[in-house]
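Heads up: the protein sequence lines correspond to chains A, B and C, in order. Numbering-wise, our numbering puts 1528 at position 263 of the first sequence, and it's gapless, one number per residue. Numbering-wise, our numbering puts 502 at position 114 of the second sequence, and it's gapless, one number per residue. Numbering-wise, our numbering puts 29 at position 25 of the third sequence, and it's gapless, one number per residue. Notes follow the structure.
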Amino acid sequence: MQSKRLLKDRLASKFMLLLTIFPGLIVFLMVLGLYQRSRPILAIKPLTGLIFSTSWHPLNGEFGLFPFIMGTLWVTAVAAAIAIPLCLLTAIYLSEYVQKKVREWTKPFIDLLAGIPSVVYGVWGVLVVVPLIKNIIAPFFGTFSTGYSVLAGGIVLAIMVFPIIIHVSLEVFGSVPYELREASWALGATKWQTVKHVVIRKAMPGVIAAIVLGLSRAFGETMAVLMVVGNVIKVPSSVFDPAYPLPALIANNYGEMLSVPLYDSALLLTSLVLLLVVLFFSIVARVVLISVERSIQ
Amino acid sequence: MDRRKIEESIFKWLMFTSTLIIIFSLVLILATVIVKGMPALNGAMITQTPKGGYYLGREGGVLNAIVGSLYLAGGATFLAVLISLPVVLYLNVYARRGSRLVAFTRFSLDVLWGVPSIIYGAFGFTIMLFFGLRASLLGGIIAVSLLILPIMSRAMDEVVRMVPEELLQASYALGTTRFETALKVVVRQTLPGILTAILIAFGRGIGDAASVILTAGFTDNIPYSLFRPVATLPLAIFFQLGTPFPEVQQRAYASALILTVVILIISMVSRILTRRFTKHIVK
Amino acid sequence: MEFKTHISVKNLNVFYGNEQALKNITVDIPGKRITVIIGPSGCGKTTLLKSFNRLIDPVDGVRVSGKVLFDGEDILDPKVEVTQIRRKMGLLFQKPYPLPMSIYDNVTYGPKIHGIRNKRELDKIVEYYLKQASLWDEVKDRLHQPASKLSLGQQQRLCLARGLAVEPEIILGDEPTSALDPKSSQRIEQRFLELKNEYTIVIVTHILRQAKRLADYVVFLYFGELIEHGPAEDIFENPKREMTKEYIKGIIS
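Have a look at this one:
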C-alpha cells in the first residue's frame, strides 16, 4: 500500500515536471515554427528588402511590408498619444485624490471592461467613431475622410488599452509607501507637490512598464482595428487617411494564403516579426516591473 | 504662492476630466451595444441557424455560432486545464521555492500572456499545416487553448500561491505524499479560485476572433465533427457586419449583444466568486 | 525647571470611523523642552503626535474635535493654512523615509517648496543642517548620490536634517530610534538633547529607558486616555496614579 502511494507520487511528479516545461517550450516553438515557415520567402528576398519595399503584389511575388509596418506604427502612435495622458491622469486621480469608496467602485468597472471582446469594440467603432470622424472631426479640421482611418483605429485601440495601463499603474502607485507621502506633507508640501515630486518619481519605472505593456498589447490588437481602419495598402500621410496594420494583413488574407505561392510564407514572416517585437517589449516591461517590486520592498 | 495654487487647480481639473472621459467612453460602448442590439434580438436569433446562407439570408439566427463557440471555448478550456492545473500544482507544491525552473516558467507564462491572439492564430495555423489539418473545430481548439493557457495559469497560480507553507507542512507531518497533499489539501482549499480561473479563461476564449479566423473556418451548421469548420460568435459578428445588407447587419448587433452579455456575466460571476473566496482564506 | 507652554491641547477627541483613538485630551506641551509621550502600543500616542501637524487629516473617515492652540492659533480650524502649520513642525518617522532623490535634494526639498531658489543659499542650507544632524562629514563628498544608498542610521539623520531645513519651531518624533541600531540611536538621542535649546521637542516612545534619558516632561497615554502628565522627575519618581505606577514598573506594557 505504501509503495503504491509513493509510486503515484513519483509518477505524478515526473508528469507534472514534464508539463511545467510546456510554457517555456511554447515560446521557443512559436518562434521556431514561425521561422521555419518564413524561410521560403527569406530564401528569395532579404529581410531588409521586404521591410522597406512598398510594393505589395502577391500575385507577382512582391511582398513589400513597408506600408503595413507604417500603418501599425501610425495607429499605435495615435493610440499612445491618446491613452498615455488620459490613463496617467486618471490613475493619479484614482490613487491619490478620490475617496476609497469611489476607487473601490471605479476600479472593478474599468477592469470589467477589459473583458469586452475585440469584435465588439470594432462594432462600436464602426457605429460611433467612424461617423464621428467623417461628419464632425474631419470637417472641423478642414479635410475629408471616409471615417475609416488611422484616427479611428487609434481611438478604438486607446480605449482598449485603458484598462491594462490603469490597472497596472494603480498597482504601482499603491505600492509606494504611505509614509513617503506623509514625509513630504510633513515638510509643508501640498498634495499636488507631493504627487509631482515624490509619488510620480518613485512610481515612474513601474508606470513606464505599465505603458509599455499596454502598448505592446495595442501593437498586436487585430479585430477592432481591422474593422475601422480602412485596410488600404498605402503609407498614411495623415491621421485621417486609411491604413493597413500588420495584424490586419495577417487576418484578412487567411483565404488566399495557401493558393498563392509564398503568400503564406510572407504572412507567417509578418507574424514572426510581430511576435518578436511584442516579445521584446513584454520582456523588458516585465523585467522592469520585477525590479521595481523588489526595490520597493 | 498663487502659481502653485493655479497649477494644482489646473491639474485637478485635468485629472477629473480624464477620469470622466475614460468612464464615459466605456459606458458609451456598453450603451451602444445594448441600444443597437436589443431591437434585433429575438428568439429566432438564439434558436435557429442561418437560413439561406448567412450572407444572403434574412431569416434564421446564430445558433450555429453560439453552439460552435461553446464547443470551441469549452474544448479549449478543457485542454488548458489539463496543462494549467498540473503545472501550477508543480510550481507551488513540488518544486523547491525559488528554483530557477519555477522563476523561468512563471516568467514564460507572463510573457505568453502578452502575446497577441493573432499570433496564436498564426502559430495554430503552422501546427495545422504540420499535421495536415484543415480549418476546423480542432484547429480552433488548439489555437484558443494556447491563447488561454497563460491566462488560466496565471489566475490559478495567484490563488494557489496564497496557500500558506504551514498548511502544507502540517499535511506532510501527517505522513502524506506531495501528490496527496496537492490533491486533497491544496486543491480543496483553492477550488473556488481554480474554478474562477477557469471561468475567466473561458470568457477570454469565447470572445476572441483573431485566433480563430485562421484556424476554425466558418459554417452555417452546428458542429458535428472535430475536423469540420465551425462557426464562432465573434466571427459571426464580423462577417455579418461586413455585409451590405442592413437586416444582416442588424443581426450583427444582436450577436454582439449576446456575446457581450455572456462575457459580462462570466466576469461578474468570477469577481463575486473571488470576493467570496478571499473572505474565507486560512492565513 | 520652568515650563512655558508652546502647544496647548484642549478637549481633543479623534475618531477613526467608529473607533475613538483619543478621548478628551487636555494637556500643555512646554516649549524648548523634551516632552515624551509614553504608553502601550496602539494607544493613541502617534495619533496625538500627528494631530499636531495635522497629518491625520488625509485618513479616510477621521473625525476630530477640540482645540490645539499653537502660537495663539487653533491649528484645527479649517481656515488655517495647513502647509504653514506643518512647516513649523518637523516630523521624524519610525523608519526613515528618504525621498526618492539625492541627499542634497532631500535636504533642499522643503526650502525649495517654500520658495528658496538661490543655489548658493541652498548649498549653505544643505551644509548647515547636515552638520546639525551630525551627518555632514560622512556625506559631504557624495551629496548627489541617491539617499537610498545610505545606511539606516544615516538615513534617519538625513531625515532629521531634512526636517530641520524648513526651520520648524517644533520637532516631533514618532519612535524615531526604534528601527536603528544602538549606536545610531544614541547619536539621535544625543542630537535631541542638544537641539532642545533651540526647538521644542515632542517624542513618542515605548522604551521607558529612553524616556527616562531624554524627558523633561512626560505625558502618559493609555488607550486613548490621558492618565497623567507632569515634569519627568514627578512622573518617574512619584507617580500619582496607580496605572502610571504599574506602567513605569513594567507590569503593564
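By construction, the Cβ of each residue, glycine as well, lies at the ideal position given by its N, Cα and C atoms.
- Using a CB distance below 8 Å, the part of the region 1477–1500 of chain A facing chain B consists of L1478, S1481, R1482, F1484, G1485, E1486, T1487, M1488 and M1492, ordered along the chain.
- Here M105 (chain C) carries a coil assignment [DSSP, helix/strand/coil].
- Listed by position along chain A, the residues whose Cβ is nearer than 9 Å to that of R566 (chain B) are D1274, A1277 and S1278.
- DSSP lists C:D32 and C:L73 as the bridge partner or partners of S12 (chain C).
- Looking at the DSSP output, N17 (chain C) sits in a beta bridge with C:S69.
- Against chain A, the CB of Y101 (chain C) has a partner CB under 7 Å away; the residue lies at that interface.
- For E125 (chain C), the three-state secondary structure derived from DSSP is helix.
- The contact set of S1449 (chain A) on chain C, defined by CB atoms closer than 8 Å, consists of L103 and Y113 in chain order.
- Only those residues of the region 453–464 of chain B whose C-beta falls short of 9 Å from the nearest C-beta of chain A would be listed, and there are none.
- Neighbourhood of E1444 (chain A) in chain C, by CB distance below 8 Å: F97, K99 and Y101, in chain order.
- Chain order gives the chain A residues near D64 (chain C) as Q1364 and K1365, where near means a beta carbon separation below 8 Å.
- For Q88 (chain C), the neighbours in chain A by C-beta distance under 9 Å run, in chain order, G1453.
- In terms of Cβ geometry, A432 (chain B) and Q638 (chain B) do not form a close pair [threshold 7 Å].
- Here the alpha carbons of I506 (chain B) and E1486 (chain A) stand approximately 8 Å from one another.
- In the structure shown, T204 (chain C) falls within a strand segment according to DSSP collapsed to helix, strand and coil.
- Taking a C-beta distance under 7 Å as the contact criterion, L80 (chain C) and V72 (chain C) qualify as a contact pair.
- Taking the Cβ atoms as the reference, P1470 (chain A) lies roughly 5 Å from V1553 (chain A), within the contact range of under 8 Å.
- Within chain A, the C-beta atoms nearer than 9 Å to that of R166 (chain C) come from A1448 and L1452, in chain order.
- Shown in chain order are the members of the region 527–549 of chain B whose Cβ falls below 8 Å from a Cβ of chain A: L534, L537, P538 and S541.
- Within the region 1512–1544 of chain A, P1512, I1515, A1516, Y1519, L1533, S1536, L1539, L1540, V1543 and L1544 place their CB atoms closer than 7 Å to a CB of chain B, listed in sequence order.
- At least one CB atom of chain A sits nearer than 7 Å to the CB of S655 (chain B).
- Counting every other CB atom within 10 Å of its CB across the protein chains shown gives S1556 (chain A) a total below 16, marking it as exposed.
- Under the three-state reduction of DSSP output, Q24 (chain C) falls in the strand class.
- Distance from the CA of S413 (chain B) to the CA of I1375 (chain A), rounded to the nearest whole angstrom, comes to 11 Å.
- Interface residue (Cβ-Cβ distance to chain C less than 7 Å): R1466 (chain A) is classified as such.
- Here DSSP, grouped into helix, strand and coil, assigns P235 (chain C) to strand.
- Beta bridge pairing from DSSP links E1327 (chain A) with A:H1322.
- Restricting attention to alpha helix (DSSP H) runs no shorter than 4 residues, the region 1369–1437 of chain A encloses them at 1383–1389, ordered along the chain.
- Residue burial annotation: G593 (chain B) is buried, with at least 16 other C-beta atoms found within 10 angstroms of its C-beta.
- For P150 (chain C), the beta-bridge partners assigned by DSSP are C:S106.
- Beta-carbon to beta-carbon, P100 (chain C) and L156 (chain C) are separated by about 6 Å, close enough to satisfy the 8 Å threshold.
- The Cβ of E553 (chain B) sits no closer than 7 Å to any Cβ of chain A.
- About 6 Å separates the CB atoms of V1388 (chain A) and I625 (chain B); that is less than 8 Å, so the two are in contact.
- In the DSSP assignment, A219 (chain C) forms no beta bridge with any residue.
- For F1333 (chain A) and A642 (chain B), the gap between their C-alpha atoms comes out near 32 Å.
- For M1281 (chain A), at least one C-beta of chain B is nearer than 7 Å to its own C-beta.
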